[in-house]
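I have placed the structure first, in the form of structure tokens, so that the comments after it can refer back to it.
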Amino acid sequence: MIYLQLVLTAIFWGAVFHLGKYAIGYMSPLSVAAWRFLLAAIMLLPIVFWRTRPDFSTVRRNALPLLAMGLIGVFGFNASLFYGLQQTSPVNASLIMATNPAITALLAAWLSGDKISLRQRWGFVISLVGVIVIVAHGSLHHLMTMTFSTGDMFIFIGNLCWASYTVIPKRFINNVQPMLITVTTITTGALALAISAES
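0 is the number of the first residue of the sequence shown in numbering that gives the first Met the number 0; add one for each residue after it.
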């Protein structure tokens, strides 16, 4: 069952880039992102209350890092992602985001002092080489003459935002239930996206 869940996660994540590219043809990037996370928040809230007894006092004690997670990881990532998809292809976006595990590990090492194992380092190198080969279509000439668009830069900024979202809880948040972290940051980010989309 766990392997099926992992496969479905990869499929859903991969679909985001293509569906996002399609959606921004009909709505602004901020509107797409706002609807995405407003719907997610609406569905998650009853699940959190049903499956856990949320302790909101811990949310108050960790308000600043949770707010940062919502603004950086949800608002920042999605605004960058959907503005990026306006100017680059879903394939480019997914390939840039494929470097996220490496960027997250490096950021965690910098902020939390986590050590990067030799196996992780080799994994970074292999994944980076794979991304480069795919982006360059296996051509050294194509690689040497390749340029990055503004959209690619937006996607990379979103990549950094998502890495920050992943690292912040370990370094700055204490004793908050994982599902409560998720629903709090998603709701915060969704409201910020909705307000920005309307302004």
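All C-beta atoms in this analysis are idealised placements derived from N, C-alpha and C, irrespective of residue type, glycine included.
These figures come from a predicted structure and were not determined experimentally.
Between the C-alpha atoms of A191 and Q119 there is a straight-line separation of about 35 Å. Ranked by Cα distance from R50, the first of A107, I1 and P177 is P177.
Closest by C-alpha distance to V128, out of I95, T103, F155 and L110, is I95. For V175, there is no enclosing alpha helix (DSSP H), since its DSSP letter is neither H nor E. Closest by C-alpha distance to I154, out of N61, I1 and T98, is T98. Annotation for G83: the continuous alpha helix (DSSP H) segment containing it runs F76 to L84. The DSSP-derived three-state label of R60 is helix. Close CB contacts of A104 within its chain, under the 8 Å cut and outside five residues either way in sequence, are with D113, I115, Q119 and F123 (chain order).
The alpha-carbon separation between H17 and P89 amounts to approximately 6 Å.
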